[in-house]
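Report on the structure given below.
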Amino acid sequence: MNRVVVTGLGCITPIGSTIADFSASLFSGATGIAPFPPFPEAPGESQGLRFTQTARVKDFDPSQHFESGTIVSTDRTAQFAMLAARQAAQQSGLREHHAAEEIAVIVGCACGGRQAEETETAKLYTRDARVHPLTVTRTMASAGASQISIDLGITGPVLNISTACASGTHAIGIAFQMVRAGIVPAAIAGGHETPLTFGFLRAWDSMRVVSPTQCRPFSADRDGMTLGEGSAMLTLETLESAEARNATIYAEIVGFGMSADAHHITQPAAEGAAAAMRKAISDAGAVPDQVGYINAHGTGTQANDTTEATAIHQVFGERAAEIPVSSTKALHGHSIGATGALEALATVLSLQHGLLPANAGVTQIDPALKLDVILNAPREATPKLALSNSLAFGGLNAVLALRRFAG
Amino acid sequence: MDDIAQRCIEIIAKSKGIPANSITLDSTFDSLNIDSLDKINISFEVEETFNIEIPDEALGTIKTVGDMVRGVAQLSQNHPPSTVTS
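Line order of the protein sequences matches chains C and W. Numbering of the first sequence is given in my numbering, commencing with residue 1 and proceeding in unit increments. Numbering of the second sequence is given in my numbering, commencing with residue 1 and proceeding in unit increments.
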């Protein structure tokens, strides 16, 4: 089986749309969460929303990046996907070194083109207006995967994975398995999502899981998640291929674990999350004692953070309270199908720089969780193994195991 | 230039992100780099603006801005312009 390394990184996020900016925000704790402007389509001043903040990508102008034909046929989310994939491909020199059919594109997107969906549906339902003829290409969840392949001229396996909040992690994990197994020597993998539309925010508001203030993962007074948007992509390739062309290696992916809770459509079960972590560690040929950092799913809801902490205790026993843990969602928000990819990127950067990002927003760590949550400043560390957890609605769990590349 | 021509040019300019004064009735769609996706979008905006329906067979025959303006003028004779713009 091949060893799989990360040789390219790309992102467009609320905390930076270059890797340098994302990295600077990640380690300085600069949050992208901010009040959002009123939605013009909202019926009243309150917008019908109990929250006022999201993590939005600012100053994005598609005309700076795409031809008009691409702009009119895509939603914001596919545009984000292309931009992040371009960066990851360019940084790795992927297209210069691999034939088009040798590269896979595996990306996660759960919601598809929400803006187009809502705009066109509102026109149709309220005034029986014509529906734009490119609504289908804008809204289909696989649009981002297709647009990356078109944009970069990639003709290998291309697919979209939709597993709610774990989509990006599942996508990277499946791409890792494909490269490891020799199905393709290289892949672009990650996630993209732009779910900050009025209708979707109202739907999340109705579930009462969004923080009326700001997300504070693992804080005793946490009161929910903060929604975000963005995209992150990684170039994965075999170590043999990377070394043969002297590519820069940012980290190594060594394991992937998946599980399902088979329990409840919104309530997580600790056993499912624990099973995914155990499988990722085992898949890496490692043991739990080697895990020295966990980038947690850490949404900031009471249910997730309590369940995830329980799962960590189930896997690591007495060592659970000693493993550095942080959720980076208080910085970049919860971007549904993209969030796992943003967090995998954060984990890669953590290993590369020997710095574990702090968990922002916490006023007091919930003592009941009994976790070593990194606070205030990033912590210098070189963990032998790091996990990146994604625990989705519907009980779909995905965990990546990564390590610093050491030859 | 009549109102229909002016509005068609504005639609093309907006869709392509180019200045309206760079477009004339003699401009071909090819010279304006209007690809198949642009054409779908422009046709839709024209249909919305003038409250018309461009027949499928007509879409393939439009090669210049003038072709489009003449076609819209013909189709508009039976339909008042719509106030809906998007």
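Just so it is clear, CB atoms sit at the ideal spot from N, CA and C, and this is done for glycine as well.
Measuring straight from C-alpha to C-alpha, what distance separates Thr49 of chain W and Ala129 of chain C? Roughly 12 Å between the two C-alpha positions.
Measuring only between beta-carbons, confirm whether Glu92 of chain W sits less than 8 Å from chain C. Examination of residue 92 of chain W is not possible in this model, given that chain W is present from 1 through 86 alone.
Reduced DSSP category for Glu41 of chain C - H, G, I as helix; E, B as strand; rest coil: DSSP places Glu41 of chain C in coil when its eight states are reduced to three.
Quick check: is the beta carbon of Glu47 of chain W nearer than 8 Å to any beta carbon in chain C? Yes - at least one Cβ of chain C is within 8 Å of the one on Glu47 of chain W.
Buried versus exposed call for Glu101 of chain C [16 or more other C-beta atoms within 10 Å across all chains shown]: Using a 10 angstroms sphere on the CB of Glu101 of chain C, the tally of other CB atoms stays under 16, which defines it as exposed.
Look at the alpha carbon of Ala386 of chain C and the alpha carbon of Leu402 of chain C, and state the distance between them as a whole number of angstroms. Ala386 of chain C and Leu402 of chain C have their alpha carbons spaced roughly 5 Å apart.
With contact counted as at least three CB pairs below 8 Å, one residue from each stretch, are the segment 387-394 of chain C and the segment 260-270 of chain C in contact? The segment 387-394 of chain C, when compared against the segment 260-270 of chain C, does touch it at the 8 Å Cβ threshold.
Decide yes or no for the touch test of the segment 167-185 of chain C against the segment 337-353 of chain C: beta carbon pairs closer than 8 Å, at least 3 of them. Taking 8 Å as the limit for Cβ pairs, the verdict is that the segment 337-353 of chain C does touch the segment 167-185 of chain C.
So with Cβ pairs under 8 Å, would you call Val136 of chain C a contact of chain D? The chain inventory of the structure shown lacks chain D, comprising the protein chains C and W.
How would you write the range of the beta strand (DSSP E) that Ala34 of chain C sits in, first residue to last? For Ala34 of chain C, the enclosing beta strand (DSSP E) begins and ends at Ile33 to Pro35.
Local conformation of Asn160 of chain C per DSSP, three classes: Secondary structure at Asn160 of chain C: strand, using DSSP grouped into helix, strand and coil.
Just list the alpha helix (DSSP H) runs in the segment 111-181 of chain C, keeping only unbroken ones of 4 residues or longer that don't cross its boundaries, in chain order. Entirely contained in the segment 111-181 of chain C, the alpha helix (DSSP H) runs reaching 4 residues are, in chain order, 114-127, 135-139, 143-152 and 167-181.
For chain W, check one thing: does any of its Cβ atoms lie closer than 8 Å to the Cβ of Pro40 of chain C? So no, Pro40 of chain C is outside the interface.
Within 7 Å of chain W by C-beta, residues of the segment 119-145 of chain C in sequence order: If the cut-off is 7 Å between Cβ atoms, the segment 119-145 of chain C has Ala129, Arg130, His132, Pro133 and Leu134 near chain W.
In whole angstroms, give me the CA-to-CA distance for Leu356 of chain C and Ser327 of chain C. Rounded to the nearest angstrom, the two C-alpha atoms are 10 Å apart.
Pull up the distance between the alpha-carbon of Phe200 of chain C and that of Thr194 of chain C, whole angstroms please. Spanning the two alpha carbons is a distance of roughly 10 Å.
Tell me, please, whether the CB atom of Ser73 of chain C is closer than 8 Å to any CB atom in chain W? Under the Cβ criterion of 8 Å, Ser73 of chain C is counted among the residues facing chain W.
Just the chain W side, please: which residues come within less than 9 Å of Gly153 of chain C by C-beta, in chain order? Result: empty, since nearest Cβ-Cβ is about 17 Å, beyond 9 Å.
Enclosing alpha helix (DSSP H) for Arg278 of chain C [first to last residue]: Segment Ala270 to Asp283, the alpha helix (DSSP H) holding Arg278 of chain C.
Can you check which of these residues, C:Asn246, C:Ala110, C:Ser206 and C:Val254, is closest to Arg430 of chain C by C-alpha distance? No answer is possible for residue 430 of chain C: it lies beyond the span of chain C, which begins at 1 and ends at 407.
Rounded C-alpha distance that separates Ala187 of chain C from Val65 of chain W: Distance between the alpha carbons of Ala187 of chain C and Val65 of chain W: 43 Å.
Taking only three categories from DSSP, how would you classify Cys11 of chain C? Here Cys11 of chain C sits in strand by DSSP.
Would you report the Cα separation of Thr213 of chain C and His97 of chain C, rounded to the nearest angstrom? Using only the alpha carbons, I get a separation of about 48 Å.
Which residue from W:Gln74, W:Asp30 and W:Ile11 puts its Cα closest to that of Ala20 of chain W? Checking every option, the nearest Cα to that of Ala20 of chain W belongs to W:Ile11.
For the segment 339-376 of chain C, list the alpha helix (DSSP H) runs that are entirely contained and at least 4 residues long, ordered along the chain. The segment 339-376 of chain C contains these whole alpha helix (DSSP H) runs: 339-353.
In chain order, what residues of the same chain have a beta carbon less than 6 Å from the beta carbon of Met233 of chain C, not counting five sequence neighbours either side? Cβ-Cβ distances below 6 Å link Met233 of chain C to Gly10, Ala84, Ala85, Ala88, Ile188 and Gly190 in the same chain, with the five nearest sequence neighbours on each side left out; the list follows chain order.
Relative to the alpha-carbon of Asp366 of chain C, which residue among C:Ala377, C:Leu236 and C:Gln302 has its alpha-carbon at the smallest distance? Taking Asp366 of chain C as reference, the option from C:Ala377, C:Leu236 and C:Gln302 with the minimal CA-CA separation is C:Gln302.
Based on Cα-Cα distance, which residue from C:Ser219, C:Ala398, C:Ala276 and C:Ala203 lies nearest to Glu485 of chain C? This structure leaves residue 485 of chain C out entirely; chain C is present only between 1 and 407.
Among C:Thr299, C:Ile33 and C:Ile103, whose alpha-carbon lies nearest the alpha-carbon of Arg222 of chain C? Of C:Thr299, C:Ile33 and C:Ile103, the residue nearest in Cα terms is C:Thr299.
Under a three-way DSSP split, which group does Phe50 of chain W fall into? Correct three-state label for Phe50 of chain W: helix.
What first and last residue would you give for the beta strand (DSSP E) that runs through Ser73 of chain C? Per DSSP, Ser73 of chain C lies in no beta strand (DSSP E) and is assigned neither H nor E.
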